[in-house]
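Residue numbers (the numbering used here), protein chains in the order written: chain G, 1350 to 1624; chain F, 903 to 1465; chain P, 3 to 490. The beta carbon of each residue, even a glycine, is placed where N, CA and C say it ideally should be.
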Amino acid sequence: MIVNLYPLKTFKLPIIAECINPDMLKGKTLDDMRRLELWEGNKRRTLGELFKIEISNPASSSENVTIIVNGDVSRVKRIGAGMKSGEIIIKGNAGMHLGAEMHGGKITVYGNALSWAGSMMKGGAIEIHGDAGDYLGAPYRGSKEGMRGGKIVVSGNVGNEAGAYMHKGVIKIYGNAGQFTGFRMRGGTIYVQGSCGGRAGTCMVDGAVIVVGALESAPPTFTFEGVKNKARIDENEAVEASFYLFVGDLTENGVGKLYVARDRNPHLSNYEKLL
Amino acid sequence: MELLIKNGFVYDPINGVNGEKIDIAVKNGKIVEKVNECKAKKINASGMVVMPGGVDIHSHIAGGKVNSGRLLRPEDHYRDFEKKTRITRSGVGRSVPSTFTTGYRYARMGYTMVMDPAMPPLEAKHTHEELSDTPLIDKASYPLLGDWWFVLEYLKDGKIEECARHVAWMITATKGYAIKLVNPGGLEAWGFGNNVSSLDDQIPHFGVTPREIIRGLCKVNQLLGLPHTIHVHTNNLGVPGNYATALETMRCVEDLAAGGKPVIHITHCQFSAFKGDDWRTFESGAEEIANYVNACSHVTLDMGQVIFTDTTTMTADGPFQYSLHTLSGNKWVNHDVETETSTGIVPFHYKRKNYVHATQWSIGLELALLIRDPWKILMTTDHPNGGPFIAYPKIVAWLMSRKAREATLKRINPKARSRSLLQSIDRELDFSEIAIMTRAGQAKALGLNCKGHLGVGADADIAIYNFNPETTDPSRKYKAVRRVFKKAAYTIKNGQIVAKDGEVLRHVNGATFWLNVQTREPAVLTAEMQRRFKEYWTVEYENYPVSENYLAVSHPITVKADV
Amino acid sequence: MSVVTAVTCPVCGCLCDDIELTIHDNKVVKVKNGCAMCEAKFMGYSSEHRLLKPMIRKNGELVKVSITEAVKKAANILAEANYPVLYGWSNTSCEAISVGIELAEEVGGVIDNTSVVCHGPSLLSIQEVGIPSCTLGQVRHRADLIIYWGSNPWSSHPRHIERYTAFSHGRFKKSAWKNYVTKIKALVGRKKVQSAIKRLFVKEKIPSAVALSNFRHTPYLQTGKNSRKLIVVDVRRTKSAEIADYFVQIEPNKDYELLQALRALVRDQELEVDNVAGVPVEYLEEIVDAMVSCDFGALFFGLGLTMSGGKMRNIDAALSLVRDLNMRTKFVIMPMRGHFNVAGANTVFTWQTGYPYAVDFSLGYPRYNPGETSVVDILLRKESDAALIVASDPISNFPRKAAEHLTENPLIAIDPHMNVTAQVADVVIPSAFAGIEAAGTAYRMDHVPIPLKKVVEPPKGVLPDETILQRILAEVKKLKQANVREEA
């Protein structure tokens, strides 16, 4: 079943729409879907009040739900939060907490996603073709339960603290990343193809941050381990290039790995003296 | 307003009523002989258990420490919240609920009075502001006095009467209810990052020992004739082998007892009943404690039961909390209060599969079941240290049903299971014993004459639970026990129905009880006292006491002392 | 003429409560014990910009109206809004804040206090790391090492050093004042010392800048057993730096690296770099030495740390450093709170809602996620549709875009002054000065609650914040009930 959603207006108020989730639409009729609850500012609304809903080939197994959101939903928060199966395609920008705590299924955004996309994610995949905001895959305030699994791929740039407190899984960023990428991570891999802001990997205990572009500066609390020719992203994928390898963070007695491409970071060449 | 509760099975241990079908009449917020049956609102309690409203002798619900715990744990709140209704305020819950939610959740379980057990005197206004924002229940708070410099100095000089006068002043000034000691001496030492490890350690810079503080304040308590005994969190809390310290603490005031009346309350005793030399050899010391308590009459205890859950530990015991932080690696708040006390907060997850945690769970229940007299051992979790108070129904079920205990035993750490004394304990408490451990005994230990019973003249604080002891066996139907204690059929506060079947019907303020301790010679503000005040604290003498307008509903109890 | 003692000063987070005021003819005519900021507040609070009458904007002009009309208008705006924000709260009493929270809950709005633009990042880090702290008296009695990081108390909290830290007298540790004098003696000679002492004691002016210490050539200062050491870390040499035993001048926005390097050294790790944030590693080792060998250390940090590059993670590192130091000795840390009751705002918010600031009630229960539910971010995203501002002036100190969005929607200002926000507001309600014309409670930066006194009567017809808010709340409740009845 494919469910097409069309925003009925340009949203001004923040909207919280946990119902835009394949699991919630599974087995529902069009009328049921229209009645699903969401919040616009401090007012209770229904999905039907804010979106035009169209169902195509309902006959095909209603088990496999794909939601296609057509239009800008950057004010709509928590799309796909907690989803376990199915697929969401957003043709436009997506709001905060996209796919927060998701367990399975797939979300694709042909646009940008605001902060906390994939926050506390446990499984599944998120693909963002534009940019992502801050706290990509990071946990809620006060929590150290970061990303536990799954994969996030961002074609554009991301903000600060991508993959903070990450335990497991993969984040791939093809653009640039902000500061504190992989802050206090305990496992998993973050790959940054573009340049990376400062403090990457600080306070990390384990896991790996791979920076192919320029890294602003290497944290002083890491030890230089030498030059490597390969950095592994997961079982199936590795990057072949010459990398400086730093291990840390010393402040947390960590053994996390920070790979920084040699050719793009001549300002780190003084470390080669230590070899 | 008049109220008549008809046909319930009434459990009122203080008045010797044990499950008989008696009608309870209420008028103007008090229990009365009878009411006009035509005019009174009637509650049909047939097939239900009627008890006095629950009383909690030790639950951290308000004040600076609790609030730091709230601040520390957004991740604990955000999934558990209460929406605003036409009647109630919104809030968050889990291990450190916001104030309104605290009041509602206690009332839903049939509780009507809760004591906050740790008020730093300097921050007493904060505690009272929060208590005033805690609806539906009555409450009171115990000022922390065991490490107060005035106490240490007077006791060093052996000036008991002088000490008593100042304690009286302090209790009145902070609108407190009882003398609280936490790791006496250890908190002063913690000011420089140290601790004490036995009752006879000298406290640095002050030249007194924990033993002298405990005995001294016990005597002060007697001199002042306060309704509750000294309320003691022992030295070495949370340290393997500390059951010996707990025994020593109880023994050290044995000779001060007279007339078979308690002179000391050992709180959250589970945390002080550890045997073994370290965490590897750790085991239960409940039997030793129980044997001692069974043979004497000068002690009351509360359990400090552990619940398998994620919670937030918070005590005034700074050094203990620090050790918990180093043990768990969890985030840590410390807040030392000048001249008086300290505070520590660490989130903690008790796991069934962890040997130590599972043994702690067992110790609490062993204490409750091995101590024969339920008036001596009261039910608490030391909320939120052993677990949040919303878990009380679980404990009631464990106490009433061997089957309930076995169901949990099956799922805990195997080594802890095989060593647990619970396997050999058949005792199952009845409703009367539960009523003692959760209300009557608590009120009696607190010296609250108007609470914990349903005799004529008592406050009309009543809990009704939808459980028929004639047709249902709590031992077998322990899940039903859990269910009914979670949501009282009716909670009546001062003669008003405030909650029904788990729904809050009214948002009314409960009262804050406090002692107005009048000594023959008051602690006068001499120039010397003023000088010391300026030296010891960073606030002015005039701004220190809690004025009555900080209490939404003030309920002073006058105590006249001959010192 | 009457004298009021033990008055609490409603200016900064020090909340000094030993102020003595002389009142004549309902006016403060003399201030004793206070700093310059305190004197200025008590003597000059009632300036020509004082608001005296409620006003409503009609046809683009603010016109005077009755308080009843202003309250009604304010209630209407809030009750009709779909996502109102209620902001300010740090310069009023806890009692007023408490009513404000109920109002926010009633109208399903977002309530936020000025933490969002000051120590909000500190609170976020405390929620991740915790905080080893204490009350200020504890520092006075015990601390022998005091560090100010990104904070210049000499100017921002003028009595902090003399009342609570380096120059205060405690039970176990004595004032460092004598050392300071010795030091000046050695450096500038007897004559200058005498005038410096004189100036300091009458608190007229701070001592003129004396070249004291710089990390390139500072001999380790020998101090007595019971005395204190003072370290100042900042990007520039402030007045506070002048009186310090050590001054560490760091490169701007490099605090994080420096703190992390100190952490590594406290853990006995070796660094592979020669200098961090422009400071040689040997010098850092000396500082770490002073830290681990003190009896009781206290680190105070200000906005220089909270608001520089790295923000909340700077505080994360500072909190972690102090936590780590507790493995070696006793160490505490405390944010230098600015507004006199910003700590109180955090405190009341937390006990009623579970969260210290940025609380969103739009779903009928408290939700919290700064960045999402914080007022500045909401305004920057242009999400709100009405605002109530209490005792604050966001139009003049928020980012321009955020301020613009405030003016584009109905705006209510409750303030004693005709500040910029009031000037562009649609409803303006004058209020009494908390702590001068209205009593209440405030929380010191160390969370000690201290009563605020009412020492003079407010101008005729001017009400305290608490009363104004209660009236708006009552009006909102009336409107909501009418709505419910209509629907029924």
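Might you give, ordered along the chain, the residues of its own chain that have their beta carbon closer than 6 Å to the beta carbon of residue i, omitting 5 neighbours on each side?
i, result
"residue 1280/F", "959, 1204, 1339, 1343, 1344"
"residue 435/P", "47, 418"
"residue 1/P", "The structure shown does not extend to residue 1/P, since chain P is modelled only from 3 to 490, so the question has no answer here."
"residue 407/P", "381, 384"
"residue 210/P", "In this prediction, residue 210/P scores a pLDDT of 35, lower than 50, which makes its location untrustworthy; no coordinate-derived value is stated."
"residue 1453/G", "1433, 1434, 1472, 1473"
"residue 1001/F", "1032, 1035, 1036"
So residue i and residue j are supposed to be a Cβ contact under 8 Å. How far apart are they, rounded?
i, j, result
"residue 129/P", "residue 974/F", "6 Å"
"residue 1192/F", "residue 1148/F", "In fact, because the Cβ distance is near 11 Å, the residues do not count as touching under 8 Å."
"residue 1047/F", "residue 1053/F", "6 Å"
"residue 432/P", "residue 464/P", "5 Å"
"residue 1515/F", "residue 1461/F", "Limits of chain F in this structure are 903 at one end and 1465 at the other, which puts residue 1515/F out of reach."
"residue 1402/G", "residue 1352/G", "7 Å"
"residue 1416/F", "residue 1042/F", "6 Å"
Who are the Cβ neighbours of residue i in its own chain at under 7 Å, not counting the five residues just before and after it?
i, result
"residue 412/P", "79, 388, 428"
Can you check whether the C-beta of residue i is within less than 7 Å of a C-beta belonging to chain P?
i, result
"residue 1059/F", "no"
"residue 1445/G", "yes"
"residue 1550/G", "no"
"residue 1405/F", "no"
"residue 1434/F", "no"
"residue 1556/G", "no"
"residue 1570/G", "yes"
Can you find a C-beta in chain G that's less than 7 Å from the C-beta of residue i?
i, result
"residue 922/F", "no"
"residue 984/F", "no"
"residue 471/P", "no"
"residue 127/P", "no"
"residue 64/P", "no"
Near residue i, which residues of its chain fall below 8 Å by C-beta distance, leaving aside the five closest residues on each side in sequence?
i, result
"residue 221/P", "Its pLDDT being 37, under 50, residue 221/P is placed unreliably in this model, and the coordinates cannot settle the point."
Is residue i close to chain F? Criterion is C-beta to C-beta, closer than 7 Å.
i, result
"residue 332/P", "yes"
"residue 1490/G", "yes"
"residue 450/P", "yes"
"residue 483/P", "no"
Of all the beta strand (DSSP E) runs that stay within the bounds of the region 403-461 of chain P, which reach a length of 3 or more residues? 413-417, 429-432, 442-445, 451-454
Which ranges does the beta strand (DSSP E) cover as unbroken runs of at least 3 residues, wholly within the region 104-179 of chain P, from first to last along the chain? Runs of the beta strand (DSSP E) inside the region 104-179 of chain P: 112-115, 132-136, 147-151.
Please determine if the region 1180-1193 of chain F and the region 1135-1155 of chain F are in contact, where contact requires at least 3 C-beta pairs separated by less than 8 Å.
yes
* To do: Report yes or no: do three or more beta-carbon pairs, one from the region 910-923 of chain F and one from the region 943-961 of chain F, lie closer than 8 Å?
  => Under the three-pair Cβ rule at 8 Å, the region 910-923 of chain F counts as touching the region 943-961 of chain F.
- Item | Sufficient close CB pairs (3 or more, under 8 Å) joining the region 1478-1488 of chain G to the region 1451-1461 of chain G | Between the region 1478-1488 of chain G and the region 1451-1461 of chain G, the count of Cβ pairs shorter than 8 Å is three or higher; the stretches touch.
Legend entry - Secondary structure, beta strand (DSSP E): runs of 3+ residues fully inside the region 215-290 of chain P: Listed in chain order, they are 231-236, 248-251.
### Query
Should the region 1079-1096 of chain F be regarded as contacting the region 1027-1037 of chain F, the criterion being three or more beta carbon pairs within less than 8 Å?
no
ask   = Contact between the region 1553-1570 of chain G and the region 1596-1609 of chain G: three or more CB pairs below 8 Å?
value = yes
Quiz prompt | Sequence ranges, beta strand (DSSP E) only - wholly within the region 1028-1083 of chain F, length at least 3 | solution = 1040-1045
Q | Inter-stretch contact at 8 Å, needing at least 3 Cβ pairs: the region 1434-1444 of chain G / the region 1396-1403 of chain G | A | no
Given 8 Å, three or more beta-carbon pairs between the region 1294-1301 of chain F and the region 1235-1248 of chain F
no
- Item | Segment contact flag, the region 353-372 of chain P with the region 390-407 of chain P, C-beta cutoff 8 Å, min 3 pairs | no
- Query: Do the region 304-317 of chain P and the region 1444-1458 of chain F make contact, defined as three or more Cβ pairs closer than 8 Å?
  - Reply: no
(message) Could you tell me which whole beta strand (DSSP E) segments of length 3 or greater appear in the region 987-1031 of chain F?
(response) With a minimum length of 3 residues, the continuous beta strand (DSSP E) runs that stay inside the region 987-1031 of chain F are 1013-1021.
| request: Give, in chain order, every unbroken run of the beta strand (DSSP E) that is at least 3 residues long and sits entirely within the region 947-972 of chain F. | output: 951-954, 956-958
Secondary structure, alpha helix (DSSP H): runs of 4+ residues fully inside the region 1085-1140 of chain F: 1088-1092, 1112-1126
Are the region 1531-1548 of chain G and the region 1560-1569 of chain G touching by the rule of at least three beta carbon pairs closer than 8 Å? yes
**Q.** the region 328-341 of chain P touching the region 109-122 of chain P, judged by at least three CB pairs closer than 8 Å
**A.** yes
ask   = Mind pulling the beta strand (DSSP E) runs of 3 or more residues that sit fully within the region 1472-1550 of chain G?
value = 1474-1477, 1500-1503, 1519-1522, 1538-1541
Fully enclosed by the region 16-81 of chain P, which alpha helix (DSSP H) runs are 4 residues long or longer? 38-46
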